[in-house]
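Residue numbers (full-length UniProt numbering): 1 to 395.
Worksheet for the structure shown next.
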Amino acid sequence: MENTWKIRLLGGVLHGREVLLSEGRLSIGERECDLCIPLQAASRIELAVVDGQLYANAEKVSVRVNGRRHVQHHPLPSQGVLEAAGLAMAFGPQQADLAGYCLPVRRFSSGWLLMPGMLMLIFALIFFSMEWGPSPSTEAPVDVSALLQQTGLTQLVAQWQQDGVLRVSGDCESSDTLTPLWLALQSHDIRYQDDVICADQLVRNVKDVLIQAGYIQAQVVSRGKGNVAIDADIRMGEQWAAVQPLLADIPGLRHWQIENPYDEIGNALISALIQQGLAGKVNLTETGPRFILSGVLNAQDKQTLTQLMQDMRSRYPTVALSYQDVPLSNEFSRQLPAPVTGIVHSRRGEYLVLGNGDTLSIGSRLAEGSEVVAISDSAVTFRQGRTLITLPFNF
């Protein structure tokens with residue numbers, strides 16, 4: 001199903017105009033852009049939908065989302081208001097009602113020409129309040145504690161700063177739960193600073209860092225306030241050493257731990273497949289506790305596999321293990337530096353010859369980390385974490 005977002009422009013002659021965004025990019029600016037709108041500092045805004053999430057990046061200027069400075073290259077929340085280069089827009093999924101979002105109010109502007117009149121008005125008000133006005137009130141313009149209760153966010157802390165900005169901090173499970181609070185504050189014309197750490201956004205930020213570092217199959221779950229658990233094929237070395245400083249820079253991340261609860265099961269299953277001579281005939285995929293074997297086997301191999309699966313279930317009662325009688329695919333061949341052109345049997349074992357002259361033998365690794373674990377006359381099998389990928393030959 002196509003993931004579609006939309007934006008609604010706020011302010012100006014295009015106020016209320018909505019634009020749908022599907023998988024792809026939309027550029028906004030004055031020159032050579034999809035949407036031609038003059039922006040401050042001759043900048044350019046680019047919106048992109050990637051894997052169902054919306055990203056916003058701007059040149060030369062900062063981006064603010066729901067009143068808070070946004071870290072570029074990080075996904076936007078499900079709904080909100082984006083401000084950059086003098087342009088404001090509401091954003092959300094296609095089915096969202098964005099009509100309720102208003103143009104953010106700016107308390108301070110550069111209207112220096114109005115300064116003399118403003119000063120005279122201020123002096124007049126001060127004089128009137130000293131002579132006839134009632135005693136000054138110490139009450140806040142709005143009961144923030146009541147707002148937090150109304151929105152079910154009593155775990156958050158709201159403090160007024162000296163500059164009149166309301167700082168909201170604390171922890172929450174889902175960033176979507178904050179939207180009613182931000183809308184309420186905006187309706188009362190309150191400037192706020194969003195320092196809330198939400199578990200879902202923290203998980204997304206950690207996962208983004210891991211994927212960009214090459215841990216494509218990494219899974220991240222929340223383990224409480226500022227803590228996450230990482231399930232990935234992580235080994236000590238240069239790759240992991242380079243990732244740790246990036247994790248330490250993520251706002252709100254206090255602690256992370258590596259959890260590989262299914263490593264033992266995966267290692268035992270892969271070892272058994274290799275020992276039984278089945279590694280070159282099946283694929284093995286896993287999603288958490290579920291391991292799926294696939295491939296077309298003869299009657300004898302099916303019997304061997306059935307016994308192997310029974311042994312695994314008796315050793316690991318919680319494992320979900322299944323077999324699918326479907327043919328293997330050669331899609332993984334695109335990961336090879338060159339096509340396989342032949343196989344050589346030598347005293348040291350079998351090895352593959354690639355079209356570029358390179359060779360692969362048991363223990364060889366590809367650039368993305370997959371390791372050769374089995375070679376036969378009909379296929380080669382790679383291990384990638386807790387998965388096995390068998391590539392049949394076509395020669």
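We put the beta carbon where it would ideally sit given N, CA and C, even for glycine.
Coarse secondary structure for residue i, derived from DSSP in three states
{"i": "ALA56", "result": "strand"}
{"i": "ALA242", "result": "helix"}
{"i": "VAL209", "result": "helix"}
{"i": "ALA338", "result": "coil"}
{"i": "ARG106", "result": "Because ARG106 carries a pLDDT of 49, less than 50, the predicted location of this residue cannot be relied on, and no value is offered for it."}
{"i": "GLU173", "result": "coil"}
{"i": "TRP5", "result": "strand"}
{"i": "VAL144", "result": "helix"}
{"i": "ILE250", "result": "coil"}
{"i": "LEU20", "result": "strand"}
{"i": "GLU32", "result": "coil"}
{"i": "LEU26", "result": "strand"}
{"i": "LEU47", "result": "strand"}
{"i": "VAL203", "result": "helix"}
{"i": "VAL65", "result": "strand"}
{"i": "GLN155", "result": "coil"}
{"i": "ASP358", "result": "coil"}
{"i": "ASP263", "result": "helix"}
{"i": "ARG223", "result": "coil"}
{"i": "ASP231", "result": "strand"}
{"i": "GLU331", "result": "helix"}
{"i": "ILE274", "result": "helix"}
{"i": "GLN257", "result": "strand"}
Rounded separation between residue i and residue j - CA only
{"i": "ASN267", "j": "TYR192", "result": "51 Å"}
{"i": "ARG69", "j": "TYR262", "result": "39 Å"}
{"i": "ALA213", "j": "SER370", "result": "15 Å"}
{"i": "GLN150", "j": "ASP143", "result": "11 Å"}
{"i": "GLU286", "j": "VAL319", "result": "11 Å"}
{"i": "ARG365", "j": "GLN94", "result": "44 Å"}
{"i": "LEU308", "j": "VAL50", "result": "41 Å"}
{"i": "PHE395", "j": "LEU360", "result": "17 Å"}
{"i": "ALA218", "j": "ASN66", "result": "29 Å"}
{"i": "LEU54", "j": "LEU14", "result": "22 Å"}
{"i": "LEU246", "j": "TRP256", "result": "12 Å"}
{"i": "GLU18", "j": "PHE91", "result": "9 Å"}
{"i": "SER314", "j": "PRO392", "result": "31 Å"}
{"i": "GLY295", "j": "LEU321", "result": "14 Å"}
{"i": "ASP358", "j": "ASN283", "result": "25 Å"}
{"i": "ARG64", "j": "HIS74", "result": "12 Å"}
{"i": "GLY237", "j": "VAL209", "result": "17 Å"}
{"i": "ALA146", "j": "CYS198", "result": "21 Å"}
{"i": "ARG223", "j": "GLU173", "result": "11 Å"}
{"i": "LEU181", "j": "SER175", "result": "11 Å"}
{"i": "PRO134", "j": "GLN186", "result": "Caution is warranted here: a pLDDT of 40 is assigned to PRO134, below 50, making its placement in the model unreliable, and no coordinate value can be reported."}
{"i": "ALA58", "j": "ILE7", "result": "16 Å"}
{"i": "LEU26", "j": "ILE250", "result": "28 Å"}
{"i": "GLY100", "j": "SER78", "result": "15 Å"}
{"i": "ASP233", "j": "ALA48", "result": "30 Å"}
{"i": "GLY12", "j": "CYS102", "result": "12 Å"}
{"i": "GLN72", "j": "ALA56", "result": "7 Å"}
{"i": "LEU388", "j": "ASP171", "result": "40 Å"}
{"i": "VAL326", "j": "TRP240", "result": "36 Å"}
{"i": "GLY363", "j": "LYS302", "result": "27 Å"}
{"i": "GLN324", "j": "LEU297", "result": "10 Å"}
According to DSSP, residues forming a beta bridge with residue i
{"i": "GLN384", "result": "THR387"}
{"i": "TYR323", "result": "LEU293"}
{"i": "PHE91", "result": "ILE7, GLY80"}
{"i": "ASN298", "result": "BP columns for ASN298 are empty, so no partner."}
{"i": "ALA379", "result": "PRO392"}
{"i": "HIS345", "result": "GLU350"}
{"i": "ASN283", "result": "SER294"}
{"i": "ARG191", "result": "None, per the DSSP bridge assignment."}
{"i": "ALA374", "result": "THR381"}
Beta-carbon separation (whole angstroms), residue i vs residue j, contact threshold 8 Å
{"i": "GLY80", "j": "THR4", "result": "Not confirmed; about 17 Å, so no contact."}
{"i": "THR390", "j": "GLY277", "result": "In fact, because the Cβ distance is near 12 Å, the residues do not count as touching under 8 Å."}
{"i": "GLY29", "j": "LEU39", "result": "6 Å"}
{"i": "GLU259", "j": "ILE230", "result": "7 Å"}
{"i": "LEU253", "j": "LEU202", "result": "6 Å"}
{"i": "ALA88", "j": "LEU10", "result": "4 Å"}
{"i": "ILE274", "j": "VAL380", "result": "So it is not a contact: roughly 13 Å between Cβ atoms."}
{"i": "VAL168", "j": "ASP195", "result": "7 Å"}
{"i": "ALA312", "j": "ALA367", "result": "A quick correction: the sequence has Met, not Ala, at residue 312. Going by Cβ atoms, the distance from MET312 to ALA367 rounds to 32 Å, so no, they are not a contact pair."}
{"i": "VAL220", "j": "VAL206", "result": "5 Å"}
Is it the case that the stretch 27 to 41 contacts the stretch 161 to 171, given that we only count it when at least three CB pairs across the two stretches are under 8 Å? no
contact_flag[the stretch 298 to 312, the stretch 344 to 354] where n(CB pairs < 8 Å) is 3 or more: no
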